[in-house]
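**Q**
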Amino acid sequence: MSIKAKFRGCGHFLRFSLSLLILLLCILSKGTIGAEVQSLGEGYKIPHISRFPFCKNFNLGGFAEECKIDIKNNLIDLKDLLESDDPKVPCEITRDELKKRIAYCRFFFVCKRRAPDAIYAYIHYLRVKYYTMISGLKKTFLELASENELPEDVQKVYWRRCEDELLKELEIMENTSEEYFQALMDNKVVFTMHFNWAMGSHETYWYSEMFKKELKWNEILYDWANNYALRSGEISIVRSLKVLIYLRSKLASVL
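Numbered according to mature numbering (1 follows the signal peptide of the UniProt record, and there is no 0), the sequence shown spans residues -34 to -1, 1 to 221.
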């Protein structure tokens, strides 16, 4: 056998070995959100999602036909929910449902036609966790404010400042998510291993940011609720001094 033929045979063997290695990595790869691959039809839908009253405009399959990731469409206004007497988070996707959505879009390689659907559901899953954190902060603050006898109008002012800031930060996180996954899907080929790693890494980012924000606002709200009386007393003293100075100046001008 000629040397050229030997090299050709060696090249075929190396390509086959590399393909086999990639295949094994894809099969064995597990991200933070793993999912067993299931046999799901093209028309697969999560059947009970539509039964929730907050899900009228929520459609998990809304982005299946496009590769452009748009996580803001069809999402429910958080403020309307949090300002109600009985605040509830919008339609929560369970972790098992999320695993099914992720499994549906990938096997060895990620199907770009199906991936935006899974990514949309994934980001909504994280978004609901953020809503739950805000609702927990509000509940804790209102209980503490009630114990310290804060006037209701003061409670609303304090909470609105907290809520507005948290919603602005949520929008920043959503924009980061959109750019992050759009950059991932811009690759010509997305391996399952890379997709799993991206999901797990991004989930860590969300929980880290949520923890920092919750810790920050717990301290601020605790201070507002516990020190309101002290601040009110200081304000009253300052106002009294200003009135006294004004009266003395008026009296001096008359004399």
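All C-beta atoms, glycine included, are put in the ideal place defined by N, C-alpha and C.
Since we're looking at a predicted model, the values are computed, not measured.
Rounded to the nearest angstrom, what separates Lys11 and Ser101 at their Cα positions?
**A** Numbered from 1 along the sequence shown, position 45 holds the residue referred to as residue 11. Numbered from 1 along the sequence shown, position 135 holds the residue referred to as residue 101. Because the pLDDT of Lys11 is 32, which lies under 50, any placement of that residue in the model is unreliable, and the number read from its coordinates should be weighed accordingly. About 29 Å.
**Q** By DSSP, does Val155 sit in helix, in strand, or in coil?
**A** What you label residue 155 is simply residue 189 of the sequence shown in a count that begins at 1. Note: Val155 maps to coil in three-state DSSP.
**Q** Under 7 Å Cβ to Cβ from Trp125, same chain only, skipping five residues before and after it: list those, please.
**A** Walking along the sequence shown from the start, residue 125 turns up at place 159. Cβ within range, chain order: Lys104, Phe107.
**Q** Between which two residues does the alpha helix (DSSP H) containing Arg80 stretch?
**A** The residue labelled residue 80 in the question sits at position 114 within the sequence shown. Careful: Arg80 lies outside any alpha helix (DSSP H) and carries neither H nor E.
**Q** Straight-line CA distance for Phe157 to Val76?
**A** Taking the first residue of the sequence shown as 1, we reach residue 157 at position 191. Taking the first residue of the sequence shown as 1, we reach residue 76 at position 110. Cα to Cα, Phe157 sits roughly 6 Å from Val76.
**Q** Report the option in Lys95, Asp83, Tyr194, His90 whose CA atom is closest to the CA atom of Tyr173.
**A** On the sequence shown, residue 173 is found 207 positions in, with the first residue counted as 1. The shortest C-alpha separation from Tyr173 is found at Lys95.
**Q** Can you have a look at Lys154 and say buried or exposed, based on whether 16 or more other CB atoms are within 10 angstroms of its CB?
**A** Your numbering for residue 154 matches position 188 in the sequence shown. The residue in question, Lys154, is exposed, as its Cβ has fewer than 16 Cβ neighbours within 10 Å.
**Q** CB Tyr88 to CB Met165, shorter than 8 Å?
**A** Looking up residue 88 in the sequence shown gives position 122. Looking up residue 165 in the sequence shown gives position 199. Their beta carbons are under 8 Å apart, which means Tyr88 touches Met165 by this criterion.
**Q** Which ranges does the alpha helix (DSSP H) cover as unbroken runs of at least 4 residues, wholly within the segment 105 to 177, from first to last along the chain?
**A** If we require 4 residues or more, the alpha helix (DSSP H) runs fully inside the segment 105 to 177 come out as 118 to 151.
**Q** Our contact map puts His168 next to Tyr146 with C-beta atoms below 8 Å; I'd like the distance itself, whole angstroms only.
**A** The residue given as residue 168 occupies position 202 in the sequence shown. The residue given as residue 146 occupies position 180 in the sequence shown. Confirmed, Cβ separation roughly 6 Å.
**Q** Taking the alpha-carbon positions, what's the Leu47 to Thr98 distance?
**A** As a working mapping, residue 47 is identified with position 81 in the sequence shown. As a working mapping, residue 98 is identified with position 132 in the sequence shown. The predicted model places Leu47 with a pLDDT of 45, which falls under 50 and marks its position as unreliable; any figure quoted below should be read in that light. Cα to Cα, Leu47 sits roughly 11 Å from Thr98.
**Q** Anyone know if the C-beta pair for Ala81 and Met159 falls short of 8 Å?
**A** As a first step, residue 81 must be located in the sequence shown, where it is residue number 115. As a first step, residue 159 must be located in the sequence shown, where it is residue number 193. No, they are not a contact pair.
**Q** Quick check on the burial criterion: 16 or more other C-beta atoms within 10 angstroms. Buried or exposed for Ala84?
**A** Taking the sequence shown and counting its residues from 1, one reaches residue 84 at position 118. It counts as buried.
**Q** Please state the DSSP three-state secondary structure of Asn184.
**A** Indexing the sequence shown from 1 puts residue 184 at position 218. DSSP places Asn184 in helix when its eight states are reduced to three.
**Q** Measuring only the C-alpha atoms, how far is Ser143 from Cys128?
**A** As a first step, residue 143 must be located in the sequence shown, where it is residue number 177. As a first step, residue 128 must be located in the sequence shown, where it is residue number 162. Cα-Cα distance, rounded: 23 Å.
**Q** Which of helix, strand or coil does DSSP assign to Asn193?
**A** The sequence position of residue 193 within the sequence shown is 227, counting from 1. Reduced to three states, the DSSP call for Asn193 is coil.
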